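Residue numbers (our numbering): 192 to 765.
C-beta atoms are modelled at their ideal positions from N, C-alpha and C, and glycine is treated no differently.
Nothing here was measured: the structure is a model prediction, and the numbers come from that model.
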Amino acid sequence: MTKDKVASILSEIALLLELKGESSFKIRAYENAARALLQLDEDLAELVKENRLGSIKGIGKALEQKITELITTGQLKYYEELKSQFPPGLFDLLRIPGLGAKKVRALYETLGITSVGELEYACKENRLVGLPGFGQKTQENILKGIDYCRLSSDKHLLHEAGAAAYDIQSRLKECPEVQEVSIAGSLRRQKELIKDIDLLVASDEPDVVMDFFVSLPGVEHITGKGGTKASVRMKSGIGVDMRVVSKAQYPYALHHFTGSKEHNAKLRHIAKSLGFKLNEYGLWRLEDDSLVPCSSEAEIFARLGMTYIPPELREDMGEIESALNGSIPNLVKLSDLKGVMHVHTRYSDGSNTIAELVREAKQQGYSYLGISDHSRSAFYAGGLREDEIKRQHEEIDAFNEKDKDFYIFKGIESDILPDGSLDYEDRILDRFDFVIASVHSRFKMDACSMTKRILAALDNPYTTILGHPTGRLLLSRDGYSLDLDAILEKARERGVIIEINANPYRLDLDWRYVKKAMEMGIRLAVCPDAHSLSEISYMIFGVAMARKGWCEKDVIINCLEAEQLKVVLQRRKE
DNA sequence: GCCGTTTTCGGCCCGACTGTTTTCAGTCG
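Okay, structure coming up:
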């Protein structure tokens, strides 16, 4: 083991001791020793062999022993034990400006935060504000810090990639030589995670467009630039590929660059069997290489004997077969959603009042709201006590009495306790119009116990909706281990609605299972899980997942009008 | 943790700044 390696282990120990809250002087001793080793001119192994370590300033008896152990055995028991006490993700948290060991430790111990993703989510859920030593400002600064130090990761969340892409798209539209510009690739297909942004431009002057593109504000460096294609990396870390084609080639290219690869392969195969060749430049007759002119993607599909396939479905999951026999579903649209369920207020960990949320929902064109604050066991999120429920219900009743154009449903997001029971007695659960049952604790149960736990919750007659069924946080936490098929089966049997949590950090249920659930006849709810006004707009991402899961509006419970939903919920309670 | 020594335990760098808290803790450099 090199002295650099030894030094880095000593530094890491210093960090771990900081997390532990050890004396700052002890910590400094490790840091000093690490620095001393780095500055050492002699061979460390030699020093150890000759028992001369102790002669180095900053290395006393204890450190001499530890360094000797590292050099002679290649490991250090003390270090291993220390390391096992903290999740490795905490080191990433320490890199966030404004976060030191004390705060990281507090976050870990009170909120169980072990990764940057979890921390960001907790900030957005407004959970840090209540902690001692934390406040609104700290929370904001942490969010800024996370943005700042979020380096170019491999994948990006849908909403972030989308925002970046729309920005670039609108700038490209300002370039006079750009005739058309569209987002393509996985972003157009609305995948939950995006590797890079693909843009397609129609122009007769690709050189001009290319120069315009690579000099856009926010471009950090140019990865590649040729005659019709350029790739850049943005300061935010995301990569952007742009392709320029002629207006005539545009529809074919749009289809080609939207993918997926698998979808394209199958489509080309079908084209061939019909006597065509399909590529990014056109659809060609094999017999004489002549172009089949198409002015839109829909026309290309039509020429191949298919109905139009919306981009979200192009994953080679049966869409080509459906398009051939004309059974592509009429996918749900955002405008089909009539109301917003699963919204948090200031009663628990939301940022806004009921009145503010109603105003926002109305503004966005919705006609009802389903309020569902956290239940009492979710102490970290200010879960509601019985008296708070009473107060909230009085407020809702007063509202519903006054405003006849908008309706508020009384709900609760009840924790599913480790034994599978809900968080209140039946007499309290009975007061709600709907109950979203969600797991918020003990994530690490084994698959068997977790499945049993959730099945038990589904058996509870008060459970209306199963919230974020797998608990995943995209890019930061896998879902709980569980048997999702068994859970869907039970939901079908018990008539429980499954949530498509539209929060872009969750998008849970996963769209692949949305399709499964939909085919099983399970009803779904697209819910923003909003903790603030702006998060009501998350609905669009939930709709995207519903669309990717082949949903028409009739399987989405909140496509119902308020009066219809009242009947459904009432009937369910009976 | 180390160091030094008034030889066995007390001192170890600390000020600016921020945000929270109401006199100070935590972070940063």
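### Message
Comparing C-alpha positions only, which one of Arg-318, Ile-562, Asn-749, Ile-218 sits nearest to Lys-529?
### Response
Position 338 of the first sequence holds residue 529. Comparing Cα-Cα distances from Lys-529 to each of Arg-318, Ile-562, Asn-749, Ile-218, the minimum goes to Asn-749.
### Range of the contiguous beta strand (DSSP E) that encloses Lys-416
Counting from one through the first sequence, the residue named residue 416 turns up at place 225. Counting along the chain, Lys-416 sits inside the beta strand (DSSP E) bounded by residues 410-416.
### Task
Starting from Tyr-598, follow its DSSP beta bridges and name the residues at the other end.
Translated into positions along the first sequence, residue 598 becomes position 407. Beta-bridge pairing links Tyr-598 to Tyr-559.
### Query
Which runs of the beta strand (DSSP E), 3 residues or longer, sit entirely within the segment 575-625?
The qualifying runs are 598-606.
### Query
What are the boundary residues of the beta strand (DSSP E) that includes Ala-375?
In the first sequence, counting from the first residue as 1, residue 375 sits at position 184. Segment 371-375, the beta strand (DSSP E) holding Ala-375.
### Message
Suppose contacts are defined by Cβ-Cβ distances below 8 Å. Is Ile-607 in contact with Ala-569 by that definition?
### Response
Position 416 of the first sequence, counted from the start, is the residue given in the question as residue 607. Position 378 of the first sequence, counted from the start, is the residue given in the question as residue 569. Result no, Cβ atoms of Ile-607 and Ala-569 do not sit closer than 8 Å.
### Query
Can you tell me the Cα-Cα spacing of Pro-660 and Gly-602, whole angstroms?
On the first sequence, position 469 is the one that residue 660 refers to. On the first sequence, position 411 is the one that residue 602 refers to. In this structure, the straight-line span from the alpha carbon of Pro-660 to that of Gly-602 is close to 18 Å.
### Query
What are the partner residues of Trp-475, as DSSP defines its beta bridges?
In the first sequence, counting from the first residue as 1, residue 475 sits at position 284. DSSP lists Lys-468, Leu-482 as partners of Trp-475.
### Query
For Glu-383, which option in Val-630, Asp-701, Ser-728 has the closest C-alpha, if you only look at C-alpha atoms?
For this step, residue 383 is matched to residue 192 along the first sequence. Taking Glu-383 as reference, the option from Val-630, Asp-701, Ser-728 with the minimal CA-CA separation is Asp-701.
### Message
In this structure, how does DSSP classify Ser-199 when only helix, strand and coil are distinguished?
### Response
The residue labelled residue 199 in the question sits at position 8 within the first sequence. Ser-199 falls in the helix class under three-state DSSP.
#### Entry: Cβ separation of Ala-375 and Phe-448, assumed to be a contact under 8 Å, to the nearest whole Å
Position 184 of the first sequence, counted from the first residue, corresponds to residue 375. Position 257 of the first sequence, counted from the first residue, corresponds to residue 448. That pair is a contact at about 4 Å.
### Query
Which residue from Val-431, Val-435, Gly-496 puts its Cα closest to that of Lys-766?
An answer regarding residue 766 cannot be provided, because it is not within the stretch 192 to 765 covered by the chain.
### Query
Three or more C-beta pairs closer than 8 Å, one from the segment 709-729 and one from the segment 681-688: is that the case here?
Counting Cβ pairs under 8 Å, three or more are found: they touch.
### Task
Would you decide whether Gln-276 is buried or exposed? Buried here means 16 or more other CB atoms lie within 10 Å of its CB.
By one-based count along the first sequence, residue 276 stands at place 85. Under this definition Gln-276 is an exposed residue.
### Query
Roughly how many angstroms separate the alpha carbons of Leu-310 and Ile-304, rounded to a whole number?
What you label residue 310 is simply residue 119 of the first sequence in a count that begins at 1. What you label residue 304 is simply residue 113 of the first sequence in a count that begins at 1. Rounded to the nearest whole angstrom, the CA to CA distance from Leu-310 to Ile-304 is 6 Å.
### Message
Using 8 Å for Cβ pairs, my map puts Ser-563 next to Tyr-615. What's the rounded Cβ distance?
### Response
One-based indexing of the first sequence puts residue 563 at position 372. One-based indexing of the first sequence puts residue 615 at position 424. At roughly 13 Å, the Cβ-Cβ gap does not stay under 8 Å, so Ser-563 and Tyr-615 are not in contact.
### Task
Rank Phe-600, Gly-473, Ile-689, Val-369 by C-alpha distance to the C-alpha of Cys-742 and give the top, closest one.
Here the question's residue 742 lines up with position 551 in the first sequence. Answer by Cα proximity: Ile-689.
### Task
Could you tell me whether the Cβ atoms of Met-433 and Val-410 are closer together than 8 Å?
Taking the first residue of the first sequence as position 1, residue 433 is located at position 242. Taking the first residue of the first sequence as position 1, residue 410 is located at position 219. Not a contact, by the Cβ cut-off of 8 Å.
### Query
From the DSSP output, which residues share a beta bridge with His-347?
Your numbering for residue 347 matches position 156 in the first sequence. Beta-bridge analysis with DSSP links His-347 to Ile-385.
### Query
Can you round the beta-carbon distance between Glu-503 and Arg-380 to whole angstroms, since I take them to be within the 8 Å contact cut?
Along the first sequence, read from residue 1 onward, the residue named residue 503 stands at position 312. Along the first sequence, read from residue 1 onward, the residue named residue 380 stands at position 189. Confirmed, Cβ separation roughly 6 Å.
### Task
Give me the Cα-Cα distance between Ser-343 and Gly-308, rounded to the nearest whole angstrom.
Position 152 of the first sequence holds residue 343. Position 117 of the first sequence holds residue 308. Here Ser-343 scores only 47 on pLDDT, less than 50, and its place in the model should not be relied on; the value that follows carries that caveat. If you take the alpha carbons of Ser-343 and Gly-308, they lie about 14 Å apart.
### Query
In three-state DSSP terms, what is His-460?
For the purposes of this step, residue 460 is identified with residue 269 of the first sequence, where counting begins at 1. For His-460, the secondary structure class from DSSP, reduced to helix, strand or coil, is helix.
### Task
Could you tell me if Leu-267 is buried or exposed, where buried requires 16 or more neighbouring beta carbons within 10 angstroms of its beta carbon?
If you number the first sequence from 1, residue 267 lands on position 76. Classification for Leu-267: buried.
### Message
If you reduce the DSSP assignment to three classes, tell me which class Ser-629 lands in.
### Response
Mapped onto the first sequence, residue 629 falls at position 438. Three-state result, Ser-629: strand.
#### Entry: Pairwise C-alpha distance: Tyr-269 and Ala-628
The residue labelled residue 628 in the question sits at position 437 within the first sequence. The residue labelled residue 269 in the question sits at position 78 within the first sequence. The alpha-carbon separation between Ala-628 and Tyr-269 amounts to approximately 43 Å.
### Message
What residue range does the alpha helix (DSSP H) around Leu-228 cover?
### Response
The residue you call residue 228 lines up with position 37 of the first sequence. Where Leu-228 is concerned, the enclosing alpha helix (DSSP H) stretches over 215-229.
### Query
Which full runs of the beta strand (DSSP E) of 3+ residues lie inside the segment 697-729, going along the chain?
Taking 3 residues as the minimum length, the beta strand (DSSP E) runs contained wholly in the segment 697-729 are 715-718, in order along the chain.
### Query
Which residues mark the beginning and the end of the alpha helix (DSSP H) in which Ile-511 is found?
On the first sequence, position 320 is the one that residue 511 refers to. Counting along the chain, the alpha helix (DSSP H) containing Ile-511 begins and ends at 510-515.
### Message
Could you tell me the alpha carbon to alpha carbon distance between Asp-637 and Pro-609, rounded to whole angstroms?
### Response
Taking the first sequence and counting its residues from 1, one reaches residue 637 at position 446. Taking the first sequence and counting its residues from 1, one reaches residue 609 at position 418. If you take the alpha carbons of Asp-637 and Pro-609, they lie about 12 Å apart.
### Task
Could you tell me the distance, in whole angstroms, from the CA atom of Cys-485 to the CA atom of Tyr-538?
For the purposes of this step, residue 485 is taken as the residue at position 294 of the first sequence. For the purposes of this step, residue 538 is taken as the residue at position 347 of the first sequence. Going from the Cα of Cys-485 to the Cα of Tyr-538 covers about 56 Å.
### Task
Please go through the same chain and pick out, in chain order, the residues whose beta-carbon is closer than 7 Å to the beta-carbon of Arg-318, but skip the five residues on each side of it.
Here residue 318 corresponds to residue number 127 of the first sequence, with the count starting at 1. Scanning its chain for C-beta atoms nearer than 7 Å, with the 5 sequence neighbours on each side dropped, one finds around Arg-318 the residues Leu-302, Asp-540, Tyr-571, Ala-572, in chain order.
### Message
Among Arg-663, Phe-216, Leu-560, Thr-536, whose alpha-carbon lies nearest the alpha-carbon of Phe-600?
### Response
To locate residue 600, count along the first sequence from 1; it is residue 409. Nearest Cα to Phe-600 within the set Arg-663, Phe-216, Leu-560, Thr-536: Leu-560.
### Query
Can you tell me whether Asn-521 is buried or exposed, with buried defined as 16 or more other CB within 10 angstroms of its CB?
Numbered from 1 along the first sequence, position 330 holds the residue referred to as residue 521. By the neighbour-count criterion, in which a residue is buried when 16 or more other Cβ atoms sit within 10 angstroms of its Cβ, Asn-521 is exposed.
#### Entry: Helix, strand or coil at Glu-316 [DSSP, three-state]
Translated into positions along the first sequence, residue 316 becomes position 125. In the three-state scheme derived from DSSP, where H, G and I count as helix and E and B as strand, Glu-316 is classed as coil.
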